[in-house]
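> In mature numbering (1 follows the signal peptide of the UniProt record, and there is no 0), the protein residues as written are -21 to -1, 1 to 309. Backbone N, C-alpha and C fix where the C-beta goes; we use that ideal spot for every residue, glycine too.
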């Protein structure tokens, strides 16, 4: 991810158009008279295993054998879960002119349903540990256990249930490539070098005229002690979706993790999905008081399985599944 914009900068930047810099925001009351919806059990052990398996391929950097092998496995896994799978292959151009063979992978469940929800995460890993404490390793790739694999692991565990226990709405899982090939910290960057896969998808959706009621991006959703604030670009474009997700998390007892306060804005895949026209939120680990705004091992060699916590995977997975299964066709 990308760039973190502290809240005070967003409050001053009228050009961005993000209104409201207060910490707490008003909420709609959750109706308690609605009948309970049966939500399949999210298995944190399974999600953890999916994260570990991705990391076991090695550095999932576009153009590498590990990247190619991971793409094959992800597509096969979605197909085994009952999805109709589309591979969106393209050669994208990185910040330094490098040509990146990339592949967005889409798994569609109940594609015949017109009312749809989109779930997404990026599956590539960063080629640069540019925030590593050791300068000698800052052009070394990272495992991307949290930054990349965690969101995909949660979505694969959700996918495992969608065919056998279908919700009312159709669901598309979009695994985006080339999100984390942004320019290293010492290079000039306007933000456009990040999220190349979602930029491509927004210009060439896998289905012409594709629409979804809303979308949820999972990014860095597995580290110990994770905190998820109401990311500001999500608040601007998709505040009702934020309200829905944070309310579900609170009902499940995860309000200590899903903090009901504004966080900073993050240049991430959700920007381009929002610009395409689908209200999209970013569930992303933010630590506003840290030097980077993110978790301590962000873009370092220490972003590995040692710091992945099943409790966090479960909290995010249960919350997202609850939102999906409670969504009704109106």
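(1) Quick check: what's the CA-CA separation for residue 215 versus residue 56?
(2) Under 9 Å, Cβ to Cβ, is there at least one residue of chain B near residue 99?
(3) Within 10 angstroms of its Cβ, does residue 279 collect 16 or more other Cβ (buried), or is it exposed?
(4) Pull up the distance between the alpha-carbon of residue 5 and that of residue 68, whole angstroms please.
(5) Taking the continuous alpha helix (DSSP H) assigned at residue 292, which residues delimit it?
(6) Here's the rule: buried if 16 or more other CB atoms are within 10 angstroms of the residue's CB, otherwise exposed. What is residue 144?
(7) Given a cut-off of 9 Å, decide if residue 86 and residue 151 are closer than it, judged by their beta-carbon atoms.
(8) Tell me whether residue 99 sits in a helix, a strand or coil according to DSSP, three-state version.
(9) Label residue 186 either buried or exposed according to how many other C-beta atoms from any shown protein chain fall within 10 Å of its C-beta, with 16 as the threshold for buried.
(10) Would you list the one or two residues that DSSP bridges to residue 83?
(11) Name the residue from 158, 294 and 50 whose alpha carbon lies nearest to the alpha carbon of residue 73.
(12) In three-state DSSP terms, what is residue 273?
(13) In three-state terms, what does DSSP make of residue 202?
(14) What first and last residue would you give for the alpha helix (DSSP H) that runs through residue 237?
(15) Given that a residue counts as buried once 16 or more other Cβ atoms are within 10 Å of its Cβ, and exposed if not, what is residue 270?
(16) Going by other Cβ atoms of all chains shown within 10 Å of its Cβ, with 16 needed for buried, is residue 77 buried or exposed?
(17) With contact counted as at least three CB pairs below 8 Å, one residue from each stretch, are the stretch 118 to 126 and the stretch 218 to 226 in contact?
(18) Skipping 5 residues on each side, what residues in its chain have a beta carbon closer than 7 Å to that of residue 134?
(19) CA-CA distance, residue 88 and residue 288?
Judging by the given coordinates:
(1) Between residue 215 and residue 56, the alpha-carbon positions lie close to 34 Å from each other.
(2) As a matter of chain content, chain B is missing from the structure shown, which is built from one protein chain.
(3) Flag for residue 279 reads buried.
(4) Legend: pLDDT at residue 5 = 33, less than 50; position of this residue unreliable, no value from coordinates given.
(5) Unbroken alpha helix (DSSP H) run through residue 292: 289 to 305.
(6) With fewer than 16 Cβ atoms within 10 Å of its Cβ, residue 144 is classed as exposed.
(7) Yes, the pair counts as a contact, with Cβ atoms nearer than the cut-off.
(8) In the three-state reduction of the DSSP assignment, residue 99 falls in the strand class.
(9) Its Cβ having fewer than 16 others within 10 Å, residue 186 is exposed.
(10) Residue 83 is bridged to 67.
(11) Of the candidates 158, 294 and 50, the one whose C-alpha sits nearest the C-alpha of residue 73 is 158.
(12) Of the three classes helix, strand and coil, the one that applies to residue 273 here is coil, per DSSP.
(13) Here residue 202 sits in strand by DSSP.
(14) Counting along the chain, residue 237 sits inside no alpha helix (DSSP H); it lies in the beta strand (DSSP E) bounded by residues 237 to 241.
(15) In summary, residue 270 is exposed, with fewer than 16 beta-carbon neighbours lying within 10 Å of its beta-carbon over all protein chains present.
(16) It counts as exposed.
(17) Below 8 Å, too few C-beta pairs join the stretch 118 to 126 and the stretch 218 to 226 to call them touching: fewer than three.
(18) Closer than 7 Å at Cβ, skipping near neighbours: 98, 100, 152 and 197.
(19) The C-alpha of residue 288 is placed about 28 Å away from the C-alpha of residue 88.
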